[in-house]
Amino acid sequence: MLPRQNVLDESVWGKSRGLDLALPPYPLVRHLLDAAAMALHLWDAYLADSQRARIADGMGLVGELDRARALVGLCAGLHDIGKLSGFQFCSQRAAQFLSSELATGNQRMSSERAGHDVAGMTAATEVLRVLGFKDDDEMSATARVAEIIGGHHGRFHLLENGVRPSFLGDAAWTRQRAAHAIAVYDALGAPTAPESFEAPVAVLVTGVVILADWLVSQEGYLKQRQRTLKPSLTAHFRRSQADAATLLRDAGLTPVELERKDFAEAYGIAGEPNPLQQSVMDELPAAAGAGRRGGIMLVTAAPGDGKSETALEAERILSKICGTHGFAFLLPTMATSDQMHDRVVRTLRNQSGEDAGLTLVHSMAWLSSAYADDDLDGEAVVTCDGDEAPSTRRPEADMRPGRWLRGPKRPLLAQFAVGTIDQALMAVLPVRHNALRMLALSNKTFIVDEAHAYDPYMQVLLGRLVNWLGFYGVPVVLLSATLPSSVGDRLIKEYLRGAGHKPTALKRQTFPAPYPGWLYVDGETARCKQMSEVRRMEQVRTRNMRLRVDVERVVHGAKGVAGDRIAVIKRLLKPVAAGDGGTALVVCNTVGDAQETYLQLREEIDRRSHAEGSDVLLLHARFPGDVREARTIEVTAGLGRSGPRPVRRIVVATQVVEQSLDLDADVVISDLAPLSLLLQRAGRCWRHENHWQRHGYPNGRGRPRWADGPRLVVLDPMAGGGRVPVQWGEVYSEHLLGKTSRKLAEIEGGGIAIPGDVQGLVEAVHGDSEDFDWNAPGSHKAKAWAEHKGKETAERSMAALRAVSRARQVGGLHELHHMEGEEDEWEVSTRLGADSVRLLCAYAQEDGQLTLDAEGKEPLPEANKDGRMPAPDVRQVMRRTLPVRADWFRDAEPDALSPPSSWAEHPMLGDLRVLRQPIHQGMAQAVKVGNKTLSLDKDLGLVRN
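Residue 3 is where the sequence shown starts when you use our numbering, and the numbers rise one by one after that.
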């Protein structure tokens, strides 16, 4: 029997900061009921069918969805129960409204500083015992709910690390915790304790609790309710339930059903689907079966074969079968994410999805032109009220765009999300709110483009995430043009381990994917289905082409010498420069090489600058953000499918054009790179030829006469016994470069059959093999192999140490935050290598003023005393920044690159490095940093000499 004699005291406050000072603070019990009501609505309207079923299963309530729903509501309704503690005295103004019985505990209870999340975790056992929960063992349902309460601010805690009893108060406070809990419990229909509570399921429930709390903590919502409190808690709860739908819709989280269109209309593509795409439409439904535990799909095809549209067709089928809605489409870089976002916008619009939640998800997404300046300011969320633990960290970036979804840590929650893979990998790193990311990813189909593009460190993190998604039964689609079979096999097995298959059984299986084609493995049975051979051969014939491969032995930085790299490039480009014109793509391995190549070609071919409309363009990652975005648009427009096609265009670029950018050049000239990447670069050669043959060339301009077939020219400094250029540093493994050079020597002149030869070549260079020359263990080749393998092993080991455990190996939820400290996104890296910082190239005018432009017309904006700045001003600054290696500034004077003092406490501007380029007689001067100089050139970007 519950102790209902306790009278609930509504003087206990839940929210105060940012509310109407003329009124008492918002009562805690009202906030708890708001969160419970919102959690119920999230269950009904936001969670996918698969999530609801998995949560119920993980509670031992198979088929009892209503019981599971009520328990999720209870977890949300108890999330702030720890505020019935010394927390009440962290605000003097709010504490003055406490009843006399509770106010007497001030001095004793406030002597300790603790978070109410940890206080709630500590008090949970006592509170849940009142509600009839048993505390049988450390992994009981009671312990799980305590962990969820303790984790609702984004970080899980060890149950033993609770608060002292004095912080929780005397018997009066104990009675009030019971009374508040009973009020929530009664409103939810007295839910009974679950039979069990699996850790990965508790992670999802924590995500629901966090989301519910955030939604009902918006200032506007709280102020309105503070002013119009209902007389009874029953009426209040009914109102909270009625208001939940509006909150969810206004946040952009209500799922939208798309209007199914035929292939051409849905994707805005002329013509019929190719055999690969048609096969997915016709054959995948049967292969996926009932989809009770999801499945993983691997799509392999040459660049330009429409893998993106294939994945979106697969998503439509798998979401329906597996019970998810929407997708997360993840890519390697911000530039490729921006371009894919634009494509998805058009696709959703074509299918009447204008009202669907769609977000661009990467660290600089809000700088994209997709987000208008007037959309950047939005409503604050009151998540803390003064009891936060002391921290030296800056506050989270206060960039809350008008749509709720574009705020910090929220974009993945949208029904449709496009962004960098890094944002998803945060879910399996010990960062705050990883549970929220897991909730966001587990209700939609998970698509990874360019699955080959990730180093061993990121592959381990991706495998760990795929393992968790396998536990949740989330459909996963991996896309690649050059994925080694061993990597695909490992990712599939990680998924199946998450789904519950034993590693010993999986060792006896392999999952080779056809090339081109697709492979689908069912999560429940591990049954494997492939694209039919008939359709696969149709795809081969449709795409079949022979890529001519020429190798030019080159020497870097040796003017006048046979094989001088620049001289070779000039010779190769003569048909473009002086003949019929055409388009050429020159891909360099470093920004420095790209800048030097561009300068030499501009001098030889077209002396006009970029601003003057030169036929020679430069694109790399060291341009300010706004310039890079504009140049990417210009390059993709000129070399894209729809044109207009320029008469003559030479694009000098770095690896930024290697993946996902939809380019078609008449010839591709590339520095030596690992073979899989050379094939990616070659995928930008004659990419749209089949389409244009059927539907006509853009503005009627066909290929120039000299371009009689697709051609890749590789500039190989290792040919004939040469070495890797010093300036390449560790850009690529010398071992892989050497294997690629030797393989190219075997095939030169014979060419490469696309797609027939692709997988074999990838396996020859990138597949699992020993490759150690035991007859010459001290040779340069053997040393390169040893360095390559050592680095690969070290990266995998580092990822395994940093990542959270596999889903089925997690015991306590505190294991998801196993590192010491207050890890946030900027403290744990999803990529290894030199850390990067963002650099702002500013100009020190002769009168001492700092400006954003060399002409001195745009002064650097100043922040207010509290470090705040209008969002458009922040965007104006950040769009001018660019990423650079942090170790460039190792020897710089500490204050030489510091931001203006008024920016010091700003969460984004405070971390910038500012290069102050002095203006002398109207010209910007280079700045010495360490033993190098840095300067921003309008044509070249950031130059480092």
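From the three backbone atoms N, C-alpha and C, an ideal C-beta is built for every residue, glycine too.
What does DSSP give as the partner residues of residue i in its beta bridges?
i	result
ARG892	ARG892 is not bridged to any residue.
ILE423	Note: ILE423 sits in no beta bridge, so no partner.
VAL653	LEU587 and LEU619
ALA671	Reading off the sequence shown, one finds Ile at residue 671, where the question assumed Ala. Looking at the DSSP assignment, ILE671 forms a beta bridge with VAL588 and VAL715.
PHE331	VAL420 and ILE449
PRO861	THR853
ARG915	LEU841
ASP245	DSSP, once it has assigned bridges, lists no residue as partnering ASP245.
Once DSSP output is grouped into helix, strand and coil, what is the label at residue i?
i	result
HIS922	strand
THR484	coil
MET401	In this prediction, MET401 scores a pLDDT of 27, lower than 50, which makes its location untrustworthy; the coordinate-derived value is nonetheless stated afterwards. Coil at MET401, not helix or strand.
CYS324	helix
VAL1	Past the boundaries of the shown model lies residue 1; the chain is included only from 3 to 947, so the question cannot be answered.
LYS541	Reading the sequence as shown, one finds Gln at residue 541 and not Lys. Helix, per DSSP.
ALA755	strand
THR883	strand
ALA531	The sequence as given places Lys at residue 531; Ala does not occur at that position. Three-state result, LYS531: strand.
MET547	strand
THR394	Its pLDDT being 40, under 50, THR394 is placed unreliably by the model, and the measurement read from it follows with that caveat. THR394: coil per DSSP, three-state reduction.
TYR517	coil
GLY943	strand
VAL129	helix
GLU554	strand
TYR269	helix
GLN98	coil
VAL637	helix
TYR699	coil
ASP948	Because residue 948 is not part of the residues shown, which for the chain are 3 to 947, the question remains open.
For residue i and residue j, I'd like the C-alpha separation in whole angstroms.
i	j	result
LYS445	ALA183	Before going on, a small fix: residue 445 reads as Asn here, not Lys. Near 30 Å, if we compare the C-alpha coordinates of ALA183 and ASN445.
THR853	SER903	15 Å
LYS930	PRO727	25 Å
GLN98	ALA247	35 Å
THR127	GLY164	12 Å
VAL346	LEU842	31 Å
LEU936	MET460	31 Å
VAL879	LEU161	44 Å
SER365	THR335	11 Å
SER234	LEU49	30 Å
GLY291	LEU362	32 Å
ALA946	SER838	One detail in the question is off: residue 946 reads as Arg in this sequence, not Ala. Cα-Cα distance, rounded: 16 Å.
GLY153	PRO275	47 Å
ALA429	LEU467	7 Å
LYS791	THR484	20 Å
THR812	LEU44	In the sequence on display, residue 812 carries Val and not Thr. Approximately 26 Å, taken between the alpha carbons.
GLY34	ASP137	According to the sequence displayed, residue 34 carries Leu and not Gly. Cα to Cα, LEU34 sits roughly 23 Å from ASP137.
LEU938	ILE57	54 Å
VAL129	LEU76	12 Å
GLY814	VAL74	19 Å
PHE448	GLY500	15 Å
GLY297	VAL203	19 Å
ARG294	LEU803	32 Å
Could you pull the start and end residues of the alpha helix (DSSP H) that residue i belongs to?
i	result
TYR845	Counting along the chain, TYR845 falls outside any alpha helix (DSSP H), though it belongs to the beta strand (DSSP E) covering 838 to 846.
GLN878	873 to 880
LYS572	567 to 574
TRP688	Note, TRP688: premise wrong, no alpha helix (DSSP H); not H, not E.
THR194	Unbroken run through THR194: none, as it is neither H nor E.
GLU736	736 to 749
ILE150	143 to 152
Which residues bound the beta strand (DSSP E) around residue i?
i	result
LYS930	929 to 931
THR935	934 to 939
LEU49	Segment: none, LEU49 is in no beta strand (DSSP E) and carries neither H nor E.
LEU362	360 to 363
Is the Cβ of residue i closer than 9 Å to any Cβ of chain B?
i	result
GLY75	Considering every chain present, this structure includes no chain B. It has just one protein chain.
Those runs of the beta strand (DSSP E) which lie wholly inside the stretch 4 to 40 and span at least 3 residues = Runs of the beta strand (DSSP E) inside the stretch 4 to 40: 15 to 17.
query = Which ranges would you report for the beta strand (DSSP E) in the stretch 283 to 310 if only whole runs of at least 3 residues count?
reply = Taking only runs of at least 3 residues, the beta strand (DSSP E) segments lying wholly in the stretch 283 to 310 are 297 to 302.
query = Curious, which full-length alpha helix (DSSP H) runs of at least 4 residues does the stretch 458 to 512 contain?
reply = With a minimum length of 4 residues, the continuous alpha helix (DSSP H) runs that stay inside the stretch 458 to 512 are 458 to 474, 487 to 500 and 505 to 509.
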